[in-house]
Amino acid sequence: MNSNDKVILEKLSVNDANIFYSLYANPHLSGDFDESSFLQNETPTHFTERIITSCKYIFTIRPKDNPELIIGDCALHHWNQQKREIEIGGSLLPKYWGKGYMQAAFELLIIIAKKELRVEALLGQTKTSNIKAIRFSEKMGFVKHQIDGQATIMRKEI
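If you're matching positions, the sequence shown starts at 15 in our numbering and goes up one per residue.
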């Protein structure tokens, strides 16, 4: 378990399947994806198992003052060992936006990326129209690295 004064990151587990599934089914968040996160007729358990299998560094985000409550997720994925880069990302329920939870979670992910993976750069991809995510990334020290109309890739040296 990784934590700071704001959040606790716990490895995603099948026990979290229902809330994890509902996070990605949330209409305020699903608009950030080009296609559905779910396979046809996929159950919450199967969805969660599929994500856990494909992503070693995926965590639930929980407030430090309410550790049973899952308010989002965050992950390190698509690790390029040769370039020493990894993608960072996450989702947070809208009720918790703008309260410092994702920043606190990303700060913990950055520590993991540096210490465990010896990463030198983080990449974050979002829709070009997702101004909130781009602003958040810039506040975290990311700069626009690549823009292709639909997607913007942000980069941060660590």
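Backbone N, C-alpha and C fix where the C-beta goes; we use that ideal spot for every residue, glycine too.
* Separation of Phe73 from Asn80, as counted between CA atoms -> 16 Å
* My understanding is that Cys69 touches Ala119, with C-beta atoms under 8 Å, so please give their C-beta distance in whole angstroms. => In fact, because the Cβ distance is near 15 Å, the residues do not count as touching under 8 Å.
* Could you give the DSSP three-state label for Ile85: helix, strand or coil? => coil
* Leu106 vs Ile84 beta-carbon contact at 8 Å -> no
* Asked: Which class does Leu131 belong to by DSSP, given the choice of helix, strand or coil?
  -> coil
* Asked: Going straight from the alpha carbon of Leu26 to that of Gln160, what length do you get?
  -> 30 Å
* Asked: So, using beta-carbon positions, are His91 and Gly103 closer together than 8 Å?
  -> yes
* **Which listed residue (Pro41, Ala31 and Pro77) has its alpha carbon closest to that of Ile65** => Ala31
* When DSSP labels each residue in this structure, what does Gln139 get in the three-state scheme? -> strand
* Asked: Which word fits Ile145, buried or exposed, when buried means at least 16 other C-beta atoms lie within 10 angstroms of its C-beta?
  -> exposed
* If you draw a straight line from the alpha carbon of Thr57 to that of Glu24, how long is it in whole angstroms? -> 22 Å
* **Host beta strand (DSSP E) of Ser10 (start-end)** => Since the first residue shown for the chain is 15 and the last is 172, residue 10 is missing from the structure and cannot be characterised.
* To do: Grab me the residues of Lys78's own chain with a C-beta within less than 7 Å of its C-beta, minus the 5 sequence neighbours each way, in chain order.
  => Ser17, Asp19, Lys20, Val21 and Ile22
* Within 10 angstroms of its Cβ, does Gly138 collect 16 or more other Cβ (buried), or is it exposed? -> buried
* Asked: Would DSSP call Leu90 helix, strand or coil?
  -> strand
* To do: Using alpha carbons as the reference points, say which of Gln117, Gln54, Val28 and Gly163 lies closest to Glu152.
  => Gln117
* **Limits of the alpha helix (DSSP H) - the one that Glu152 falls within** => Ile145 to Lys153
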